[in-house]
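Q: Below is the structure I would like to discuss, written out as structure tokens.
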Amino acid sequence: MPEWIKRSARISGTAEPDVDATLVAIVKAAVDHIEGAEHAGISLVEEGGRVRTVAPTSELVYATTPGAFSAETAQDGRVFATHAAIALVGAQHEADLRAAIERRDTIGMAKGILMQRHGLDPVQAFRMLVEASQKSSTKLHRVAAWLIEHRG
Numbered sequence: 001m002p003e004w005i006k007r008s009a010r011i012s013g014t015a016e017p018d019v020d021a022t023l024v025a026i027v028k029a030a031v032d033h034i035e036g037a038e039h040a041g042i043s044l045v046e047e048g049g050r051v052r053t054v055a056p057t058s059e060l061v062y063a064t065t066p067g068a069f070s071a072e073t074a075q076d077g078r079v080f081a082t083h084a085a086i087a088l089v090g091a092q093h094e095a096d097l098r099a100a101i102e103r104r105d106t107i108g109m110a111k112g113i114l115m116q117r118h119g120l121d122p123v124q125a126f127r128m129l130v131e132a133s134q135k136s137s138t139k140l141h142r143v144a145a146w147l148i149e150h151r152g
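Going by UniProt numbering, the first residue of the sequence shown is number 1, and it counts up by one from there.
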């Protein structure tokens with residue numbers, strides 16, 4: 001197995017602090033590990049088919065020298081892209097989990113405020129938050145955050 005594949009496999013196990021840091025690490029590693037690559041970038045296809053470039057230096061892995069990539073290098077790039085995708089999915093999953101925990105904590109604090117103010121039990125307080133969310137067409141965690149900010 002080529003050494004660069006071993007190095008690129010490490011990207012999928014890298015614990016970067018967030019999605020943006022993971023994207024930067026992937027782009028840098030692409031240029032470092034794909035023979036002939038001078039620039040690289042990452043584009044994501046979002047819902048609705050919109051393409052968004054999320055990492056520097058370019059939207060593609062490319063070289064300015066004609067014929068810089070052989071068939072083997074193209075295959076290496078596909079393998080690298082697989083490892084990069086694994087790293088990105090992992091980073092996004094971790095970011096989603098952090099956000100979910102923050103939302104859960106916010107909802108818990110808001111429930112506590114309602115329980116204290118109105119003598120409710122946890123289920124009743126949660127129902128009250130849900131009703132406010134539905135009536136205002138506002139996400140539950142945003143209703144909870146508003147309540148915390150305006151608890152005065």
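Even for Gly, the Cβ is constructed at its ideal location relative to N, Cα and C.
Remember, predicted model here, so these are calculated numbers, not experimental data.
Which residues mark the beginning and the end of the beta strand (DSSP E) in which Ile42 is found?
A: Numbered from 1 along the sequence shown, position 42 holds the residue referred to as residue 42. First-last of the beta strand (DSSP E) with Ile42: Ile42 to Val45.
Q: Alpha carbon to alpha carbon, how far is Glu102 from Met115? Give it in angstroms, no decimals.
A: Sequence index remark: in the sequence shown, residue 115 carries index 115 (1-based). Sequence index remark: in the sequence shown, residue 102 carries index 102 (1-based). If you take the alpha carbons of Met115 and Glu102, they lie about 20 Å apart.
Q: Nearest-angstrom Cα distance between Asp20 and Gly77?
A: Sequence index remark: in the sequence shown, residue 20 carries index 20 (1-based). Sequence index remark: in the sequence shown, residue 77 carries index 77 (1-based). Using only the alpha carbons, I get a separation of about 21 Å.
Q: So, with DSSP's three-state summary, where would you put His33?
A: Position 33 of the sequence shown, counting from 1, holds the residue named residue 33. Three-state result, His33: helix.
Q: How should Thr106 be labelled, buried or exposed, when 16 other C-beta atoms within 10 angstroms of its C-beta is the threshold for buried?
A: Within the sequence shown, the letter at position 106 stands for residue 106. Buried.
Q: At what residues does the alpha helix (DSSP H) containing Glu38 begin and finish?
A: The residue labelled residue 38 in the question sits at position 38 within the sequence shown. It is not in any alpha helix (DSSP H) - Glu38 carries neither H nor E in the DSSP assignment.
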